[in-house]
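Right, one structure below, let's go through it.
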Amino acid sequence: MDEQQPSQIILADTGEQLHRMPEQWLRARVRGWMEINESPDFLYWIGTYTADGKWIFCSSNADRWAPKDYRQLYAQEVCRHLDRQCAFGGAWLAGWVQGGRVFYMLWKDKEGDIQIPIECDKPFIALQKYTLSDWERHCCSAYKVYSEWKRDLEMTNSQQVNVAQGEKTSPGHLAEAPDITLQ
Numbered sequence: 004m005d006e007q008q009p010s011q012i013i014l015a016d017t018g019e020q021l022h023r024m025p026e027q028w029l030r031a032r033v034r035g036w037m038e039i040n041e042s043p044d045f046l047y048w049i050g051t052y053t054a055d056g057k058w059i060f061c062s063s064n065a066d067r068w069a070p071k072d073y074r075q076l077y078a079q080e081v082c083r084h085l086d087r088q089c090a091f092g093g094a095w096l097a098g099w100v101q102g103g104r105v106f107y108m109l110w111k112d113k114e115g116d117i118q119i120p121i122e123c124d125k126p127f128i129a130l131q132k133y134t135l136s137d138w139e140r141h142c143c144s145a146y147k148v149y150s151e152w153k154r155d156l157e158m159t160n161s162q163q164v165n166v167a168q169g170e171k172t173s174p175g176h177l178a179e180a181p182d183i184t185l186q
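Here the sequence shown is numbered in my numbering, starting from 4 and rising by one per residue.
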């Protein structure tokens, strides 16, 4: 691969606060989720902005595979917009899975747990036609479905397990994947 390796941290271009989630919770359990659930046996790259504007990401191997720069910039732009416009108290991550063929977003709730995965396998040339407002509408719709599901289950906060903060789940639960975090 002749792809340029990205730097580990990129400062956001504005001083606006994107969200308030602690960096530790942003980093928690992302690598395990990607390797077990979303991109097993394939390369992936996904990241997010911290509350103070740093870009952090994880990649699928020690060589720090990353998609081409224009795909990285696309994910960063979408992520920054979503965190400003529709973070819903949590934070969005964006990147590429399945060897860079699928655009991927995750929403983590305010406790740092992954709640909404979204993937789009359209060719990149088609994705470029999507505006930031298109992604915002799509993510708001997904959040609405998640909120209705949570309401219909009549789940209270005390009934939920905050896996990203170290609370244990029942044996065999999917969230018991190894705790491998963003680097």
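All C-beta atoms in this analysis are idealised placements derived from N, C-alpha and C, irrespective of residue type, glycine included.
Taking Cβ to Cβ, would you say residue 21 is nearer than 8 Å to residue 59?
It is not a contact, given that the beta carbons lie outside the stated cut-off.
Comparing C-alpha positions only, which one of 96, 102, 101 sits nearest to residue 120?
Taking only the C-alpha atoms, the option nearest residue 120 is 96.
Rounded to whole angstroms, what is the Cα-Cα separation between residue 146 and residue 118?
Cα to Cα, residue 146 sits roughly 9 Å from residue 118.
Expressed to the nearest angstrom, what Euclidean distance is found between the alpha-carbon atoms of residue 37 and residue 110?
Cα-Cα distance, rounded: 13 Å.
List in chain order: all unbroken beta strand (DSSP E) runs of 3+ residues lying wholly within the region 37 to 96.
Taking only runs of at least 3 residues, the beta strand (DSSP E) segments lying wholly in the region 37 to 96 are 48 to 52, 57 to 62.
Quick one: grab the DSSP three-state call for residue 122.
Residue state, collapsed to three classes: strand.
Looking at residue 46: is its Cβ nearer than 8 Å to the Cβ of residue 68?
Cβ atoms of residue 46 and residue 68: closer than 8 Å.
With C-beta atoms as the reference, is residue 82 less than 8 Å away from residue 105?
No. Outside cutoff.
Using CA coordinates, which residue listed in 77, 57, 137 is at the minimum distance from residue 99?
Cα-wise, what sits closest to residue 99 is 77.
Please state the DSSP three-state secondary structure of residue 147.
Residue 147: helix per DSSP, three-state reduction.
Out of curiosity, what's the CA-to-CA distance linking residue 126 and residue 102?
Roughly 13 Å separates the two Cα atoms.
Kindly give me the distance between the Cβ atoms of residue 88 and residue 139, rounded to whole angstroms, as I take these residues to be in contact under 8 Å.
Their Cβ separation, rounded to whole angstroms, is 5 Å, which keeps residue 88 and residue 139 in contact under 8 Å.
Taking the DSSP output, what are the residues bridged to residue 105?
100, per the DSSP bridge assignment.
Residues in the same chain with beta-carbon distance under 6 Å from residue 142, minus the five sequence neighbours each way, listed in chain order, please.
Around residue 142: 85, 89.
Classify residue 33: buried if its beta carbon has 16 or more other beta carbons within 10 angstroms, exposed otherwise.
Residue 33 should be labelled buried.
Residue 23 to residue 156, Cα distance in whole Å?
Cα to Cα, the separation comes out at about 27 Å.
Run the CB neighbour count on residue 131, radius 10 Å, all protein chains shown included, and call it buried at 16 or more, exposed below.
Result: exposed.
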